[in-house]
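Asks: Mind having a look at this structure? Questions to follow.
Residue numbers (the UniProt record's numbering): 1 to 95.
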């Protein structure tokens, strides 16, 4: 299992619209082959900051099955309009 961590800064004032867009877009992510589960968290001290945590079977499942697909384009169309900057995305292994 690989953990994808995406740090997302949302345009201040668009947090609720981003959350609604995420709820709409979530099935695009979670029904992707190789996606085990996904979760979005929101900052308490910084409510315009969000962290997306996605468990994938492998990095390839994320990159090939999602990022290189039409699913990602639709996902980005829905939520990307609320980004203050491009998300920072990295993959992690459990110890």
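Every residue, glycine too, gets a C-beta built ideally from N, C-alpha and C. Keep in mind that this is a model prediction, so the values were computed, not measured.
1) Helix, strand or coil, according to DSSP, for residue 41 in the structure here?
2) Beta-carbon separation of residue 37 and residue 9 under 9 Å?
3) What residue does the beta strand (DSSP E) around residue 66 start on, and which one ends it?
4) Kindly indicate which three-state DSSP category residue 26 falls into: helix, strand or coil?
5) Using a beta-carbon distance below 9 Å, is residue 85 in contact with chain B?
6) By how many angstroms is the C-alpha of residue 67 removed from the C-alpha of residue 44?
Replies: Quick look at the numbers:
1) Here residue 41 corresponds to residue number 41 of the chain shown, with the count starting at 1. Three-state DSSP puts residue 41 in a strand.
2) Mapped onto the chain shown, residue 37 falls at position 37. Mapped onto the chain shown, residue 9 falls at position 9. No. Outside cutoff.
3) In the chain shown, counting from the first residue as 1, residue 66 sits at position 66. Neither: residue 66 is in no beta strand (DSSP E) and is coded neither H nor E.
4) Taking the chain shown and counting its residues from 1, the one referred to as residue 26 is at position 26. Three-state DSSP puts residue 26 in a helix.
5) The chain inventory of the structure shown lacks chain B, comprising one protein chain alone.
6) The residue given as residue 44 occupies position 44 in the chain shown. The residue given as residue 67 occupies position 67 in the chain shown. Near 29 Å, if we compare the C-alpha coordinates of residue 67 and residue 44.
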